[in-house]
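With the UniProt record's numbering as the guide, the letters of the sequence shown map in order to residues 1 to 432.
From the three backbone atoms N, C-alpha and C, an ideal C-beta is built for every residue, glycine too.
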Amino acid sequence: MNVTTDVQSTTEETKEKRYKTLFGSALGYAAEGLDMLLLSFVLVYILKEFHLSPVEGGNLTLATTIGMLIGSYLFGFIADLFGRIRTMAFTILLFSLATALIYLATDYWQLLILRFLVGMGVGGEFGIGMAIVTETWSKEMRAKATSVVALGWQFGVLVASLLPAFIVPHFGWRAVFLFGLIPALLAVYVRKSLSEPKIWEQKQRYKKELLQKEAEGHLTTAEAEQLKQMKKFPLRKLFANKKVTITTIGLIIMSFIQNFGYYGIFTWMPTILANKYNYTLAKASGWMFISTIGMLIGIATFGILADKIGRRKTFTIYYVGGTIYCLIYFFLFTNSTSLLWGSALLGFFANGMMGGFGAVLAENYPAEARSTAENFIFGTGRGLAGFGPVIIGLLAAGGNLMGALSLIFIIYPIGLVTMLLCVPETKDKVLE
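Right under this line is the structure:
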């Protein structure tokens, strides 16, 4: 019996389940964006109340990043070994409650611990939600479905940017974090309304059958080899042989470049606009809003193109487009108006590739390691990219921050070459 063929032939999911899964995963990623970014918009009040230095404020972000890295590894493994749904529900509950508890924080160390826990939950949820969606949607719609999930983050960020303006003047900064409880309701929905993808359930059922045969001494040679592979710790599947290892390393580099560009640009551009072009807070918010609209369009477009013309061709368009447009934006746009309206296309290329990572990561690894692959690869790339703003800051030590930021265009050709050399085309691939 060939487990891959057997599972592939019986994993058609109902339309209702597909849309429930998509809805739950997209909301989960939106909740991530909300809970992650709330800190950024009220940090100035926290620094003042707790008498913290900028370095200590930065440590709150660092604690979150470390938590994300650990959470992405830990919960990816758990989801593959024990189930996606219950693990995803737990991660949402974790970052929701940790966010809400900041309302009660009385000292700096409590803030650090709570932000670490927020990071763990956020880091764990991403890959699990993506794995669930890719395992329930058809190969013809897979990239479009994962791009919808990726759009969730942007909507969460938009909500996080609006809440403080309405809440802080009337109820103070602490009340903002109580909105972190809202995703806890989503955790209940996920646990009660969603079920495991059939492909994962059937793999687990077949593994139990093989274990029973092993106990009875009835395993064939082929079945013994299958069981040996299925018993391996999920992370080992990412480095199963030379070809798979090259793909894994290539995808980590691509993930790093995607996040480096995103965090590098959108951490420093508001500072450039304020210092060099005298942007007011309102105008800087307008820049962020326009660039976010560009991101939304870029992510949605990536999913549509990836399902139509293939993953590699779509990544190529975005890498080449990102390289050319960064050169234009940072070197040729010299007035505040062009920088403002040009930010839409900057957002399109800088974060549009998020529309494809969920599908590409899922298609290169089997069900028993899919959540691990999604979280380990993207989490590692995102964790390393957290140093992007620091590196750009160091390069700008001489005073030319705009020049340092423009160097981002160099990383996109690196991503293109890496993708072409390391990552195969997986359009229309039936998941294992």
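Do you know offhand how far residue i's Cα is from residue j's?
i      : j      : result
ALA89  : ILE246 : 33 Å
LEU251 : ALA131 : 16 Å
TYR325 : LEU37  : 27 Å
LEU346 : PHE409 : 11 Å
LEU159 : LEU34  : Before going further, note that residue 159 is Val rather than Leu in the sequence given. Distance between the alpha carbons of VAL159 and LEU34 is about 7 Å.
LEU421 : GLY322 : 19 Å
LYS203 : GLU368 : 7 Å
PHE331 : ILE272 : 14 Å
ILE290 : GLY356 : 22 Å
ASP307 : SER147 : 11 Å
ALA240 : PHE50  : 49 Å
ALA215 : LYS228 : 14 Å
PHE116 : VAL42  : 17 Å
PRO366 : PRO183 : 30 Å
Beta carbon of residue i, beta carbon of residue j: below 9 Å?
i      : j      : result
ARG311 : ALA359 : yes
TYR29  : TRP153 : yes
LEU416 : PHE315 : yes
GLY129 : GLY57  : no
ILE78  : VAL190 : no
THR64  : VAL122 : yes
GLY83  : GLU196 : yes
ILE102 : GLY180 : yes
MET295 : PHE348 : yes
ILE253 : THR426 : no
Whose CA, out of the options, lies closest to the CA of residue i?
i      : options                        : result
THR14  : THR220, GLY57, THR136, ARG382  : THR136
GLU363 : GLN110, LEU332, LEU238, GLN226 : LEU238
TYR319 : ILE299, ALA350, LEU305         : ALA350
GLY381 : SER161, THR248, GLY172         : THR248
LEU186 : ILE70, THR21, LEU296           : THR21
ILE297 : PHE387, LEU151, PHE41          : LEU151
THR99  : LEU178, GLY286, THR280         : LEU178
Under DSSP, the alpha helix (DSSP H) around residue i begins and ends at which residues?
i      : result
ILE411 : 411-422
ARG18  : 15-50
TRP153 : 142-171
LEU273 : 242-277
PRO389 : 388-395
TYR108 : 108-136
Enumerate in chain order the residues of its own chain whose CB-to-CB distance from residue i is below 7 Å, with the five nearest sequence positions on each side excluded.
i      : result
ALA385 : PHE256, ASN259, PHE260, TYR263
LYS208 : none
ILE392 : GLY264, TRP268, ALA404, LEU405
TYR73  : ASN375, PHE376, GLY379
ILE304 : LYS144
Quick one: residues in its chain with C-beta nearer than 6 Å to the C-beta of residue i, no 5 flanking neighbours on either side, listed in chain order?
i      : result
LEU81  : none
PRO424 : none
GLU374 : GLY127, MET130, ALA131, LEU361
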